[in-house]
Amino acid sequence: MNIQIIQEKLKAQQMLDAAVVKYTMLIDEKMNEQGALFFIPLGNKEIKVVLPAPAHLDFLKDESKVTYKNLLQSKDIIILK
């Protein structure tokens, strides 16, 4: 799915500037953080977005900036199907 479509749907739901509430850290078998997996609610389905390491550390550092808008503006994200 296109980033612009996701942004438009979030804006229509008035959630674009909302804080990301559902995410999980991606940790390998050696207990190293490999990034974070974020879940973006779009009506009756969820879009999954990966932010790989080390970009996830900078993104999660300041809780006030952990919004869907800032997540989607990151150049490092990977949108999963």
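Take the working numbering: the final residue in the sequence shown is number 67, and no numbers are missing along the way.
Glycine residues also receive a C-beta, built at the ideal position from the N, C-alpha and C atoms.
Practice item. Take lysine 8 and list the residues in its own chain whose beta-carbon comes closer than 7 Å to its own, dropping the five residues that flank it on each side. Key: The sequence position of residue 8 within the sequence shown is 22, counting from 1. Non-local C-beta neighbours of lysine 8 in its own chain, meaning closer than 7 Å and more than five positions away in sequence, comprise Phe25, ordered along the chain.
Check your understanding: Taking the C-alpha atoms as reference points, what is the distance between leucine 58 and threonine 10?
Key -> Residue numbering aside, residue 58 sits at position 72 when the sequence shown is read from its first letter. Residue numbering aside, residue 10 sits at position 24 when the sequence shown is read from its first letter. Going by the C-alpha atoms only, they are around 17 Å apart.
Point to revise | phenylalanine 45 versus alanine -2: straight-line alpha-carbon distance, rounded | key: Reading the sequence shown from its first residue, position 59 is the one you call residue 45. Reading the sequence shown from its first residue, position 12 is the one you call residue -2. Cα-Cα distance, rounded: 24 Å.
Exercise for review: Can you give me the start and stop residues for the alpha helix (DSSP H) that alanine -2 sits inside?
Suggested key: Within the sequence shown, numbered from 1, the residue matching residue -2 stands at position 12. -11 to -2 is the extent of the alpha helix (DSSP H) around alanine -2.
Review point. Thinking C-alpha only, which one of Tyr54, Lys67, Ile65 and Leu66 is nearest glutamate -6?
Key: Walking along the sequence shown from the start, residue -6 turns up at place 8. Per the Cα distances, Tyr54.
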